[in-house]
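These protein sequence lines are chains W and D, in that order. Be aware that the first sequence starts at 9, since it is given in this note's numbering, and climbs by one per residue. Be aware that the second sequence starts at 9, since it is given in this note's numbering, and climbs by one per residue. Here a beta-carbon is modelled for each residue, glycine too, at the ideal position from N, C-alpha and C. So the structure is just underneath, and the comments pick up after that.
Protein chains: 2
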Amino acid sequence: MTPPTLADVAERAGVSRQTVSNAVNNPDLLRADTLERVQQAIDELGYLPNRAARNLRTRTSQLIGLRLSPVLEGTATAVMDRFVHALVWTSKEAGYHVLLFSQDEEDPLQGYDDLLRSTAVDAFVVTDTYLGNPQAAWLRRRRAPFVSFGRPWDDPDAKHPWVDVDGAAGTEEATRHLLDRGHELVAWIGWRKDSWIGEDRRSGWLRAMHGRGLSTTGLASRVEDTVSSGRDASAHLLDADPARRPTAFVCASDTLAMGVLGTLATRGLYPGRDIAVVGFDDSQVAQVVHPGLTSVRQPLEEAARLLVVGLESLLSAPLSPVEGRLLTPSLVVRGSS
Amino acid sequence: MTPPTLADVAERAGVSRQTVSNAVNNPDLLRADTLERVQQAIDELGYLPNRAARNLRTRTSQLIGLRLSPVLEGTATAVMDRFVHALVWTSKEAGYHVLLFSQDEEDPLQGYDDLLRSTAVDAFVVTDTYLGNPQAAWLRRRRAPFVSFGRPWDDPDAKHPWVDVDGAAGTEEATRHLLDRGHELVAWIGWRKDSWIGEDRRSGWLRAMHGRGLSTTGLASRVEDTVSSGRDASAHLLDADPARRPTAFVCASDTLAMGVLGTLATRGLYPGRDIAVVGFDDSQVAQVVHPGLTSVRQPLEEAARLLVVGLESLLSAPLSPVEGRLLTPSLVVRGSS
DNA sequence: CTTTCCGTCTTGAACGATCCAATCACCATA
DNA sequence: TATGGTGATTGGATCGTTCAAGACGGAAAG
Chain W
9 MTPPTLADVA
19 ERAGVSRQTV
29 SNAVNNPDLL
39 RADTLERVQQ
49 AIDELGYLPN
59 RAARNLRTRT
69 SQLIGLRLSP
79 VLEGTATAVM
89 DRFVHALVWT
99 SKEAGYHVLL
109 FSQDEEDPLQ
119 GYDDLLRSTA
129 VDAFVVTDTY
139 LGNPQAAWLR
149 RRRAPFVSFG
159 RPWDDPDAKH
169 PWVDVDGAAG
179 TEEATRHLLD
189 RGHELVAWIG
199 WRKDSWIGED
209 RRSGWLRAMH
219 GRGLSTTGLA
229 SRVEDTVSSG
239 RDASAHLLDA
249 DPARRPTAFV
259 CASDTLAMGV
269 LGTLATRGLY
279 PGRDIAVVGF
289 DDSQVAQVVH
299 PGLTSVRQPL
309 EEAARLLVVG
319 LESLLSAPLS
329 PVEGRLLTPS
339 LVVRGSS
Chain D
9 MTPPTLADVA
19 ERAGVSRQTV
29 SNAVNNPDLL
39 RADTLERVQQ
49 AIDELGYLPN
59 RAARNLRTRT
69 SQLIGLRLSP
79 VLEGTATAVM
89 DRFVHALVWT
99 SKEAGYHVLL
109 FSQDEEDPLQ
119 GYDDLLRSTA
129 VDAFVVTDTY
139 LGNPQAAWLR
149 RRRAPFVSFG
159 RPWDDPDAKH
169 PWVDVDGAAG
179 TEEATRHLLD
189 RGHELVAWIG
199 WRKDSWIGED
209 RRSGWLRAMH
219 GRGLSTTGLA
229 SRVEDTVSSG
239 RDASAHLLDA
249 DPARRPTAFV
259 CASDTLAMGV
269 LGTLATRGLY
279 PGRDIAVVGF
289 DDSQVAQVVH
299 PGLTSVRQPL
309 EEAARLLVVG
319 LESLLSAPLS
329 PVEGRLLTPS
339 LVVRGSS
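Rendered as structure tokens:
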């Protein structure tokens with residue numbers, strides 16, 4: 009009924025508890041024949057070390073804490089889903105499991121604090137690194153091990169490993185792709201100016217346009233990340249100056265791009281033929297909408313992998329040099345361009 | 009540096025360890041003034057019980073295991089995301105955390121087995137209950153506590169609590185909604201016959217149609233759950249018999265509905281005006297696509313809540329009567345109908 | 001005045017693993 | 001044969017908590 013313990017295995021194999029422990033954790037300390045005997049007993053009993061006991065003794069939990077961000081209905085954020093998958097997968101390879109917790113409405117740090125004080129997790133993966141988010145700074149003060157997906161925008165000398173995706177490179181590639189197809193009036197629809205991520209992505213568009221000697225005057229719009237904002241912004245840009253009517257849109261998100269597609273649909277314009285549209289995130293929406301939304305895809309699997317690598321080195325050698333990694337996204341071309 | 013222990017609190021409050029333990033777990037055993045003194049020491053030190061030690065002693069982990077299903081690119085399955093959120097939230101209310109693990113490619117039961125044998129989780133939440141999935145039967149044989157989201161289709165006398173959504177009721181409401189708007193030729197695009205869920209949803213459409221004395225001949229199609237299948241199926245239905253050309257489509261998933269929208273777009277037909285379309289799952293896709301996809305929304309928050317309730321009673325009284333709960337989904341009406 | 005009882009608190013043991021120091025077996029060397 | 005060294009194996013202590021049982025004091029009952 010109750011799972012077998014180390015002592016059970018030891019008795020069956022005719023050795024001491026410590027020898028069984030070594031067989032599991034330091035097999036090279038045992039003589040070959042002893043190891044085999046112990047291994048056989050382990051297999052026969054289906055023994056696996058009791059997690060709680062091991063955790064207590066070693067002061068680790070082999071768990072990584074991840075706080076889920078609140079779900080936003082009406083947006084195309086399928087990013088987290090893919091990222092969580094990738095993180096769970098790579099964590100498993102490294103011998104860790106992922107523990108989810110949710111945000112406390114009153115105190116956003118509550119969840120972190122509780123898990124730390126009860127030594128329930130070994131480290132955290134932080135994902136919301138937008139400006140003004142107190143998590144990173146707080147965790148640092150608390151000396152809690154963590155890595156972040158997203159660069160520390162407001163803290164140039166942050167001491168934690170991080171991985172981020174080069175949004176500017178992504179939009180630059182997206183814009184170049186449109187320019188290569190003959191577009192010259194490529195408009196930008198992005199987020200409000202106080203979003204560092206938004207400004208980063210916008211800079212890629214600027215770079216591509218200016219790189220070809222094209223003016224961006226009257227081609228940019230900064231709005232909230234909602235479908236209706238994207239719809240309104242694109243309609244406005246299309247109606248503004250007939251001489252500079254955009255023939256293509258690059259958007260800071262798939263959500264905004266869906267708004268653009270909405271504008272086109274109501275006007276009888278066909279995406280990809282009449283007007284080109286590119287989104288960001290390669291969400292499921294981009295994949296299933298007609299005629300397919302070209303989008304910048306983040307290498308989330310690679311990001312997760314590197315985060316876990318960073319976590320491992322952080323936990324094994326807390327004073328090792330800290331590094332940040334910037335990954336280059338790729339463009340997935342579909343019918344909309 | 010290291011978190012305070014029970015002994016630290018005990019010393020500070022001038023009581024024994026056990027008294028502190030009681031203050032935390034059975035406060036009514038203490039005299040009021042003692043309790044207050046201990047509580048103050050706890051607050052001052054920021055004490056929280058060490059999880060590993062507690063787990064070891066009580067033989068519980070306060071963790072619920074959830075296996076992530078493989079991500080399917082190109083489909084609109086945003087269901088899991090919402091469900092996981094809801095589950096994490098309600099679990100927290102009940103004092104549990106959610107531990108994620110991924111599917112082993114070789115042996116789908118491996119992850120479950122390891123977590124059980126190492127006593128890492130108290131119970132599982134199983135989500136993939138499609139026909140032939142060995143999880144439920146295996147867990148039952150293993151006498152592992154679990155609840156499932158999805159009814160035990162192939163096992164009428166299953167002994168575990170489950171919660172499911174009445175798919176038939178959902179499509180029935182969707183179909184009635186279309187009939188009420190004057191449609192008479194409402195077509196069905198669903199999954200292959202071996203999918204119980206698909207057949208369940210289909211039966212709702214049948215019920216609604218027959219309830220109004222309408223024939224369903226030549227109005228149904230059963231295909232794979234992909235966008236292109238939905239596109240092909242809808243095109244075929246529209247071209248088949250001019251006398252019975254569908255004016256509306258009810259689909260077993262948002263993915264299929266997106267295929268229908270694709271067909272309409274290529275033919276210059278406007279969803280909601282020329283042809284009505286209803287999907288299933290109320291995915292993010294349905295919410296952001298133009299002009300909005302009417303869809304059946306599953307009460308995932310309620311489902312998660314009931315699952316946790318079931319889990320609690322299962323863990324506190326393993327022999328309590330088992331119950332299954334069928335929840336009724338709701339229809340979210342948008343531009344496409 | 002003694003006994004019983006109850007409420008309150010304390011002590012020692014246990015959960016199942018790992019760490020530490022000590023022991024043992026074995027073989028090579030003097 | 002005695003000595004030394006190496007590597008395999010052992011018993012005991014420990015991690016921080018909860019459980020079981022006992023100690024203590026005062027109040028109620030005999």
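For residue i, which residues in the same chain have their Cβ closer than 6 Å to its Cβ, ignoring the five residues on either side in sequence?
i: leucine 147(D); result: Phe154
i: arginine 184(D); result: Ala216
i: alanine 228(D); result: Trp196
i: glutamate 180(D); result: Gly212, Arg215 and Ala216
i: leucine 314(D); result: Val171 and Arg333
i: leucine 123(D); result: Gly73 and Val129
i: glycine 343(D); result: Gly280, Pro299 and Gly300
Whole angstroms is fine: what's the gap from residue i's alpha carbon to residue j's?
i: valine 304(W); j: alanine 216(W); result: 15 Å
i: valine 46(W); j: leucine 64(D); result: 24 Å
i: arginine 333(W); j: aspartate 165(W); result: 14 Å
i: phenylalanine 91(W); j: alanine 312(W); result: 7 Å
i: asparagine 30(D); j: proline 169(D); result: 33 Å
i: aspartate 208(D); j: proline 160(D); result: 13 Å
i: valine 79(W); j: isoleucine 205(D); result: 26 Å
i: valine 293(D); j: valine 194(W); result: 26 Å
i: leucine 14(W); j: serine 24(W); result: 9 Å
i: valine 231(D); j: glycine 190(D); result: 27 Å
i: alanine 243(W); j: threonine 255(D); result: 30 Å
i: glutamine 306(D); j: aspartate 290(D); result: 8 Å
i: proline 250(D); j: glycine 226(D); result: 11 Å
i: serine 95(W); j: isoleucine 283(W); result: The sequence given here has leucine at residue 95(W), not serine. Taking the straight line from one Cα to the other gives about 37 Å.
i: serine 57(D); j: serine 345(W); result: With the sequence shown as reference, residue 57(D) is identified as proline, and serine is not the correct amino acid for it. Roughly 57 Å between the two C-alpha positions.
i: proline 11(W); j: serine 69(W); result: 19 Å
i: serine 77(D); j: glutamate 114(D); result: 14 Å
i: leucine 308(D); j: glycine 318(D); result: 15 Å
Could you work out which residues of chain W lie near residue i, taking near to mean beta carbons separated by less than 9 Å?
i: glycine 198(D); result: Those do not exist, as glycine 198(D) stays about 17 Å from chain W at its closest Cβ, beyond 9 Å.
Apart from the five residues just before and just after residue i, which ones in its own chain have a Cβ nearer than 7 Å to its Cβ?
i: glutamate 192(W); result: Leu222
i: threonine 336(D); result: Asp174 and Ala177
i: glutamate 310(W); result: Leu335
i: leucine 71(W); result: Tyr104, His105, Leu107, Ala128, Val129 and Asp130
i: leucine 323(D); result: Asp130, Ala131 and Pro153
i: leucine 43(W); result: Ala31 and Pro35
i: serine 321(W); result: Ser328
i: leucine 187(D); result: Val194, Ala216 and Arg220
I believe residue i touches residue j by the beta-carbon criterion, under 8 Å. Please report the beta-carbon distance rounded to the nearest angstrom.
i: valine 330(D); j: valine 286(D); result: That pair is no contact at about 34 Å.
i: phenylalanine 109(D); j: lysine 100(W); result: 7 Å
i: threonine 302(D); j: leucine 277(D); result: At roughly 16 Å, the Cβ-Cβ gap does not stay under 8 Å, so threonine 302(D) and leucine 277(D) are not in contact.
i: arginine 75(W); j: glycine 140(W); result: Their Cβ separation, rounded to whole angstroms, is 17 Å, which puts arginine 75(W) and glycine 140(W) out of contact at 8 Å.
In chain W, what lies closer than 8 Å to residue i by C-beta?
i: arginine 125(D); result: Pro11, Gly54, Tyr55 and Leu56
i: lysine 100(D); result: Phe109 and Ser110
Name the chain D residues whose beta carbon is nearer than 8 Å to that of residue i?
i: valine 79(W); result: Asp89, Arg90 and His93
i: alanine 128(W); result: Arg59 and His105
i: leucine 76(W); result: Val92, His93 and Val96
Spatial neighbours of residue i within its chain, please: CB distance less than 8 Å, with the 5 preceding and 5 following residues excluded, ordered by chain position.
i: arginine 67(W); result: Thr127
i: glycine 22(D); result: Arg45
i: alanine 145(D); result: Asp163
Name, please, each residue of chain D whose Cβ falls closer than 9 Å to the Cβ of residue i.
i: glycine 280(W); result: Chain D residues near glycine 280(W): none, gap ~11 Å exceeds 9 Å.
i: aspartate 122(W); result: Leu56
Counting only Cβ pairs nearer than 7 Å, list the residues of chain W close to residue i.
i: leucine 269(D); result: His298
i: alanine 15(D); result: Under the 7 Å cutoff, chain W gives no residues; its nearest Cβ is about 15 Å from alanine 15(D).
Quick one: which chain D residues come within Cβ less than 7 Å of residue i?
i: valine 32(W); result: Neighbours of valine 32(W) on chain D: none; closest Cβ ~12 Å, over 7 Å.
i: valine 235(W); result: Val296
Do residue i and the ligand PLP come close, with the Cβ less than 7 Å from some heavy atom?
i: serine 242(W); result: As presented, the structure is devoid of all ligands, the ligand PLP included, so that no description of it is given.
Interface positions of the segment 184 to 195 of chain W facing chain D (Cβ-Cβ less than 8 Å), listed along the chain: Cβ contacts with chain D come from no residue of the segment 184 to 195 of chain W.
Going along the segment 50 to 68 of chain D in order, which residues come within less than 7 Å of chain W, judged by CB to CB distance? Identification of residues in the segment 50 to 68 of chain D having a C-beta nearer than 7 Å to some C-beta of chain W yields Gly54, Leu56, Pro57, Asn58, Arg59, Ala60, Ala61, Asn63 and Leu64, given in sequence order.
Proximal residues, the segment 298 to 329 of chain W versus chain D, C-beta separation under 8 Å: Cβ contacts with chain D: His298 and Pro299.
Where the segment 136 to 151 of chain D meets chain W: residues whose CB sits under 9 Å from a CB there: Closer than 9 Å at the C-beta level to chain W, one finds these residues of the segment 136 to 151 of chain D: Arg151.
Mind listing which residues of the segment 199 to 226 of chain D have their C-beta closer than 9 Å to chain W's C-betas, in chain order? Shown here is that no member of the segment 199 to 226 of chain D has a Cβ falling below 9 Å from a Cβ of chain W.
For the segment 281 to 293 of chain W, list every residue whose C-beta sits within 7 Å of some C-beta in chain D, in sequence order. Here the close residues are Gln292 and Val293.
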